[in-house]
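Novice: Input: one structure, supplied below.
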Ligand SMILES: [Zn+2]
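Protein chains in written order, with this note's numbering: chain F, 253 to 1412; chain A, 4 to 85.
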């Protein structure tokens, strides 16, 4: 083996050094690793996985079974697909290979979405012809080819077209395609998967990382060519045995002489082509063996019956019956397998062509046109003609393109021969999996008849090459063994991917923090600054607890609970779903959705409600408030917000469309702070004095620190509590103000403890989709007066009215110091009765409390809780552990007596009347122990006349400097009108809502007096959702793309009546943005979204990496509601200016996503 | 990834939608008057044909419209519901 002095498509003037298994070698530009290895005389490229036999390079393409290498972080690549570059370091695979988790991979993989009318897979003669025929008639065409240059099979042949080298025809076709603006050619791009509805996925190999393309094509031309196959005979795996077309490619394309003396096994005519070209490259042709009776002159009639290995384990001689022919190369032409992988993936039918002796495409299942060798047309001129036909199929017109004349001779059918059924242990059908003819015979001997069973039994075709060279051999051998035609045996299912795709490529930029959007609230920056520990609730990042320095989680939660029970604490409750519901039938609609009544709710009143699915099971809960005669605000659980909105739309649109009711999500518009504790009134007096006297379960509009807000008196803790709402931009200011007033921040863990003490279940934690309201002990919330509501009929089904259903109960451990894990099983007398759903240490009770779902139990029953190897005796009690008579929700004193039915007096630690409970309760102690460390803050005491933080231990107000993020002061924000297209006037030509060129600052430095409370003047600021990105956006923006936030754009959603302006988002849904006078019934959503603007000629390139819709400038001219990255967005276009309306909670995610895109 | 033709937005990727199951299963007029078996039929029983199937989709990440199409359960071909 050696490099030829001339010829081929390599650049001998440049030398590329590389290392293989530590050896320093060299090649040239244009080489693959495989061709450079062959040129360097490397015959053994690796060893087989199972048997460890030496193996050589067998093919010249992605079908390679033998030459697998590790390159950098890529654990397994075919050397035939690795382009050589200077400094390449490759290692042959040992055994099963090695995944090195420590390997440094600094490539940046990405993805992209493109749409086209015709996608052509394969840049050989058929593919180029198809692209010309489609592209020259003006269609949008994408042509992909896996090689660095176009030409396909012609790159490795010496065919003449019209008397000139075929690459001249390729070059002419390429330049004609390059002149077509709607044709995009992607080389080094392998189509790996063909899915439903013209959806094709391809991997483009780029120096700095791969790109996973997602194509959506109106029609797909598959010009994928064909793979040559081998034959089984003893020793057919020795290094030096190579497919004939590959040997020819190495000689013609890479200028490599793959052997000095060759035997060509010509079961198909490609063997003669190889013999001719190898001879021209200086290879001595020792013999051409043709098993067909009509072999050409000069060929030896007969069969190859074996090989002989030399001392180095590589091919030394070929056995032809009783003749021995010395040779270091055996070029095998066993026939061709059309590359039908993608056709089969598209669900097209295959059939076995007895003449071609191959499976070929039959009836397509999608708009798919196989062309050229992919459907068994192997000649170059035939392929070109067929490509023209396939390309023209997309527009139905005759292409009128000229087919050149080829110098090829017509190919005769391959030998009707699948090789010797030789039990020799070295007669392989699958080289990568080391599967032999004998293995297949063992499978049929065990009774297997199906090719799928044989595949799984033998593992044939399950390697990284997915049997590209072996699959047909298995079928052929199987058909011989079973005496059935190959068409009857059939093929195994072709599944994506066509070639291996790394997980890193599939992930692209969606890794690390971008792997899933983190939704954040308006107060997120404050939580981060305060050192909150977060937990994921759906996609939301919620503060779990707020540890002070040195505090454990348990200590922090205990302190937060104490603050809420004894003083005042605050939680960011912005993540609760909020749905604005309007319309004359809103009340009637809610009556049908909730188990209880809403049409009779007084205006200004709130009501807790449960909703069920039709099977009667609890689906969600929350509080809904009647804001006006025909106006409600529903809250949902954090995790279910989107599902509940969808649920409402479903019932309205599909069952009761005649009801006048409209839904608008305002989850992100309102920032919500829950203020809870006996001293909550003091905080409210300072931030929203109008709301101080609010009764329990009432709501009022109120000026909150100078901005219009809403205050609800709702309690999820059992304490006196308020939920204060302000638009997003003021959420952080409100939060800082509430904490400055002495409220202790608490997180979701404390919220859970407080609610569990009150026996409030959490939907999704204490329920699991098999729990009815009655099971929760909440029959009181199920209206008996209503004729119907969703789920009602199911509550009287035999199964739901069983008396032995699991019900929500409380549990206490017999040993007060014991703690039962959530998920523990409850057992009595060896019978499993249920499981623990919630478990927390309770401060006021001085012990752990648990909620459980259990059947056939009642208070006082003794059970065993089993978790792992731990068994803990427990007793069933009422699920309401604390303040069962609700003394505290109006700020009353701590109950003197424990709930009698639940907890024996001797076991509870009564809290002090001053509302201070020790953090030092000794388990088992009787009687109340009031900590001497606590500083009681008397609820009866006068409101301090100045800022005296109502401070339980460790209050942090003096340490916290309210963080003032960039761009927070609204008076500084004057959005610049981009390129004059945006104005406060909606011009008739502008698509969708215009954005104001002027934003009125929202009360900069508004001051508030607490009206008697004596709290100090508070600064108010407005902060837009992407304010934190201002500098970073400016820094990443270059000449081609600029990115910035357009903050504080007033926005309204309009349902029902056409507003005459804005962007139409749905059949009866508009978004109006900008300084306009809102119409009646418009819902203010100015805080629900923010606007991020992308401008410049490179903007589209960024967007196609994350937006799956067709953004072709000729197609996308207005706006669309869709997805960017993983965030729902409204995308609006003016020329090369794109405006992204993104939900405020996704702004952090989208900002990071855009910066990541722009940095790449 | 199927391509579903939203009547308002046009063709969009499947992952912008929620599946809504078999179409044409109307909520009973008076559930209280149904037998347990009749109610169970409404709540739990759906067709599962090999071939064309009328089914509902919801364009949740787009125009928020519920609509009905016919989909072939073998080929995934989608066509307008008659
Ligand atoms: Zn839509």
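Where is the CB? At the ideal position from N, CA and C, for every residue including glycine.
1. For the beta strand (DSSP E) holding residue 823 (chain F), just list the boundary residues, first then last.
2. If we define contact as Cβ-Cβ less than 9 angstroms, is residue 1321 (chain F) a contact residue for chain A?
3. Provide the residue(s) that pair with residue 462 (chain F) in DSSP beta bridges, ordered along the chain.
4. Below 8 angstroms CB to CB, which residues in the same chain sit around residue 1335 (chain F) once its five sequence neighbours on both sides are set aside?
5. Label residue 903 (chain F) either buried or exposed according to how many other C-beta atoms from any shown protein chain fall within 10 Å of its C-beta, with 16 as the threshold for buried.
6. In whole angstroms, give me the CA-to-CA distance for residue 571 (chain F) and residue 680 (chain F).
7. How about residue 1414 (chain F): is its Cβ closer than 8 angstroms to a heavy atom in ligand 1?
8. Please report the straight-line C-alpha distance between residue 1093 (chain F) and residue 933 (chain F), rounded to a whole angstrom.
9. Is the stretch 383-393 of chain F in contact with the stretch 638-647 of chain F, if contact means three or more CB pairs nearer than 8 angstroms?
10. Rounded to a whole number of angstroms, what is the C-alpha to C-alpha distance between residue 58 (chain A) and residue 347 (chain F)?
11. Using beta carbons (cut-off 9 angstroms, strictly below), is residue 46 (chain A) in contact with chain F?
12. With respect to the alpha helix (DSSP H) encompassing residue 702 (chain F), which residues constitute its N-terminal and C-terminal limits?
13. Grab the span of the beta strand (DSSP E) containing residue 585 (chain F) for me, first residue to last.
14. By the three-class DSSP mapping on this structure, what secondary structure does residue 1378 (chain F) have?
15. Just to confirm, is the Cβ distance from residue 470 (chain F) to residue 330 (chain F) under 9 angstroms?
16. What does residue 755 (chain F) pair with, by DSSP beta-bridge criteria?
17. Using a threshold of 8 angstroms, is the CB atom of residue 65 (chain A) nearer than that to any non-hydrogen atom of ligand 1?
18. Is DSSP giving residue 500 (chain F) helix, strand or coil here?
19. Return the first residue and the last residue of the alpha helix (DSSP H) that residue 637 (chain F) is part of.
20. Starting from the N-terminal side, write out each stretch of the alpha helix (DSSP H) that is 4 residues or longer and does not extend beyond the stretch 722-802 of chain F.
21. Report yes or no: is there a C-beta of chain A within less than 9 angstroms of the C-beta of residue 1243 (chain F)?
22. Against chain F, does residue 56 (chain A) count as a neighbour if the rule is that its beta carbon must be under 9 angstroms from one of theirs?
23. Whose C-beta lies closer than 7 angstroms to the C-beta of residue 1204 (chain F) among residues of the same chain, with five residues either side of it excluded?
24. Is the beta carbon of residue 1005 (chain F) less than 9 angstroms from the beta carbon of residue 925 (chain F)?
25. At a CB-CB cut-off below 8 angstroms, which residues of chain A make contact with residue 449 (chain F)?
26. Which residue's Cα is closest to the Cα of residue 24 (chain A): A:80, A:73, A:66?
27. Where does residue 987 (chain F) sit, in a helix, a strand or coil, going by DSSP?
28. So residue 30 (chain A) contacts chain F; which residues on that side make the cut at Cβ distance below 7 angstroms?
29. Within 10 Å of its beta-carbon, does residue 258 (chain F) have 16 or more other beta-carbons around it, so buried, or fewer, so exposed?
30. So which residues of chain F does residue 19 (chain A) contact, with C-beta pairs closer than 7 angstroms?
31. Label residue 607 (chain F) either buried or exposed according to how many other C-beta atoms from any shown protein chain fall within 10 Å of its C-beta, with 16 as the threshold for buried.
32. Is there a Cβ from chain A that is less than 9 angstroms from the Cβ of residue 1040 (chain F)?
33. For ligand 1, any of its heavy atoms closer than 8 angstroms to the Cβ of residue 1300 (chain F)?
34. Whether or not the stretch 954-962 of chain F and the stretch 984-992 of chain F are in contact is what I'm after, with contact meaning three or more pairs of Cβ atoms, one per stretch, closer than 8 angstroms; do they touch?
35. Does any heavy atom of ligand 1 sit closer than 8 angstroms to the C-beta of residue 9 (chain A)?
36. Is residue 1317 (chain F) close to chain A, meaning its C-beta is less than 9 angstroms from at least one C-beta of that chain?
Specialist: Working from what's here:
1. Your numbering for residue 823 (chain F) matches position 571 in the first chain. Element bounds for residue 823 (chain F): 821-824.
2. In the first chain, the residue the question calls residue 1321 (chain F) occupies position 1069. Yes, residue 1321 (chain F) lies at the interface with chain A (some Cβ there is under 9 angstroms from its Cβ).
3. As a working note, residue 462 (chain F) is residue 210 in the first chain. Note: residue 462 (chain F) sits in a beta bridge opposite F:457.
4. Here residue 1335 (chain F) refers to the residue found at position 1083 of the first chain. The answer, listed in chain order, is 832, 834, 916, 918, 1304, 1305, 1306, 1307.
5. The sequence position of residue 903 (chain F) within the first chain is 651, counting from 1. It is buried - the Cβ of residue 903 (chain F) has at least 16 other Cβ atoms within 10 Å.
6. On the first chain, residue 571 (chain F) is found 319 positions in, with the first residue counted as 1. On the first chain, residue 680 (chain F) is found 428 positions in, with the first residue counted as 1. Those two C-alpha atoms are separated by around 16 angstroms.
7. Missing from the structure shown is residue 1414 (chain F); chain F here goes from 253 to 1412 and no further.
8. In the first chain, counting from the first residue as 1, residue 1093 (chain F) sits at position 841. In the first chain, counting from the first residue as 1, residue 933 (chain F) sits at position 681. Using only the alpha carbons, I get a separation of about 27 angstroms.
9. yes
10. Residue 58 (chain A) sits at position 55 when you count from the first residue of the second chain. Residue 347 (chain F) sits at position 95 when you count from the first residue of the first chain. Approximately 50 angstroms, taken between the alpha carbons.
11. Against the second chain, residue 46 (chain A) aligns to sequence position 43. True, the Cβ-Cβ gap to chain F drops below 9 angstroms.
12. In the first chain, residue 702 (chain F) corresponds to position 450, counting from 1. It is not in any alpha helix (DSSP H) - residue 702 (chain F) carries neither H nor E in the DSSP assignment.
13. By one-based count along the first chain, residue 585 (chain F) stands at place 333. Residue 585 (chain F) -> beta strand (DSSP E) spans 581-585.
14. In the first chain, counting from the first residue as 1, residue 1378 (chain F) sits at position 1126. Coil, per DSSP.
15. As a first step, residue 470 (chain F) must be located in the first chain, where it is residue number 218. As a first step, residue 330 (chain F) must be located in the first chain, where it is residue number 78. Contact flag unset, no.
16. Sequence index remark: in the first chain, residue 755 (chain F) carries index 503 (1-based). The partner list for residue 755 (chain F) (beta bridge, DSSP) is empty, contrary to what the question assumes.
17. Against the second chain, residue 65 (chain A) aligns to sequence position 62. Yes, Cβ of residue 65 (chain A) sits closer than 8 angstroms to a heavy atom of ligand 1.
18. On the first chain, residue 500 (chain F) is found 248 positions in, with the first residue counted as 1. Note: residue 500 (chain F) maps to helix in three-state DSSP.
19. Here residue 637 (chain F) refers to the residue found at position 385 when the first chain is read from its first residue. 632-645 is the span of the alpha helix (DSSP H), which, as asked, contains residue 637 (chain F).
20. 723-734, 738-741, 755-759, 776-781
21. The sequence position of residue 1243 (chain F) within the first chain is 991, counting from 1. Caution applies to residue 1243 (chain F), whose pLDDT of 35 falls short of 50 and renders its modelled position unreliable; the value that the coordinates give is listed next. No - not a single Cβ of chain A is within 9 angstroms of the one on residue 1243 (chain F).
22. Counting from one through the second chain, the residue named residue 56 (chain A) turns up at place 53. No, its Cβ sits nowhere closer than 9 angstroms to a Cβ of chain F.
23. Stepping through the first chain from its first residue, residue 1204 (chain F) is reached at position 952. With a pLDDT of 37 at residue 1204 (chain F), under the threshold of 50, the predicted position of this residue should be treated as unreliable, and no value is reported.
24. Locating residue 1005 (chain F) in the first chain gives position 753, where the first residue counts as 1. Locating residue 925 (chain F) in the first chain gives position 673, where the first residue counts as 1. It is not a contact, given that the beta carbons lie outside the stated cut-off.
25. Locating residue 449 (chain F) in the first chain gives position 197, counting from the first residue. By Cβ distance, chain A contributes 4, 5, 6, 79, 81.
26. For this step, residue 24 (chain A) is matched to residue 21 along the second chain. Of A:80, A:73, A:66, the residue nearest in Cα terms is A:73.
27. Numbered from its first residue, the first chain carries residue 987 (chain F) at position 735. Reduced to three states, the DSSP call for residue 987 (chain F) is helix.
28. For this step, residue 30 (chain A) is matched to residue 27 along the second chain. What residue 30 (chain A) touches in chain F: 907.
29. As a working note, residue 258 (chain F) is residue 6 in the first chain. Answer is exposed; the Cβ neighbour count stays below 16.
30. Position 16 of the second chain, counted from the first residue, corresponds to residue 19 (chain A). Residues of chain F passing the Cβ test: 1374, 1375.
31. The residue you call residue 607 (chain F) lines up with position 355 of the first chain. Exposed is the call here.
32. On the first chain, position 788 is the one that residue 1040 (chain F) refers to. It does: the Cβ of residue 1040 (chain F) has a partner Cβ on chain A nearer than 9 angstroms.
33. Taking the first residue of the first chain as position 1, residue 1300 (chain F) is located at position 1048. Because no heavy atom of ligand 1 lies under 8 angstroms away, the Cβ of residue 1300 (chain F) does not count as near it: no.
34. yes
35. Taking the second chain and counting its residues from 1, the one referred to as residue 9 (chain A) is at position 6. Yes, the Cβ of residue 9 (chain A) comes within 8 angstroms of a heavy atom of ligand 1.
36. On the first chain, residue 1317 (chain F) is found 1065 positions in, with the first residue counted as 1. True, the Cβ-Cβ gap to chain A drops below 9 angstroms.
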